[in-house]
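Start counting at 1 in the sequence shown, then tack on 78, and there's your number in the working numbering.
Glycine included, every Cβ here is placed at the ideal spot set by N, Cα and C.
The model shown is predicted, which means the values in this text are computed figures rather than measured ones.
Okay, so here's the structure we're looking at.
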Amino acid sequence: MAYIGRKTTGDSEPLNADVYIWSAWALERIREALDAGEEPPQFRQTSPWHWIYLSTSVNKAGLRDRVYVDSVKKCVRWEPPDGADAAA
Numbered sequence: 079m080a081y082i083g084r085k086t087t088g089d090s091e092p093l094n095a096d097v098y099i100w101s102a103w104a105l106e107r108i109r110e111a112l113d114a115g116e117e118p119p120q121f122r123q124t125s126p127w128h129w130i131y132l133s134t135s136v137n138k139a140g141l142r143d144r145v146y147v148d149s150v151k152k153c154v155r156w157e158p159p160d161g162a163d164a165a166a
């Protein structure tokens, strides 16, 4: 299936991309930040479906113990906030 939308180059966030393309791009940025020992990346995506799928992708990639995706606040953290269940 052909992808029709805004193309991205380098680090520009594919905001108009479908959930799968954006999630793959975001997961790559998360891995890069983890490997470099940097702060969690910040994304401008506003669609809750993109964030929910990113959370699932992080879990499938085996990063569940190291990365917390908050699909409500639309952010990534290295540790879950106080009171959050990291296993959920």
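Inset, instruction - Mind checking which residues open and close the alpha helix (DSSP H) that includes Asp-148? - result: Not the alpha helix (DSSP H): Asp-148 falls in the beta strand (DSSP E), residues 146 to 148.
Legend entry - For Arg-109, the three-state DSSP class (helix, strand or coil): helix
Legend entry - Endpoints, alpha helix (DSSP H) assigned at Leu-132: 126 to 138
Inset, instruction - On the DSSP bridge assignment, give the partners of Arg-155 in chain order. - result: Tyr-146
Legend entry - Length of the line joining the Cα atoms of Trp-103 and Asp-113: 16 Å
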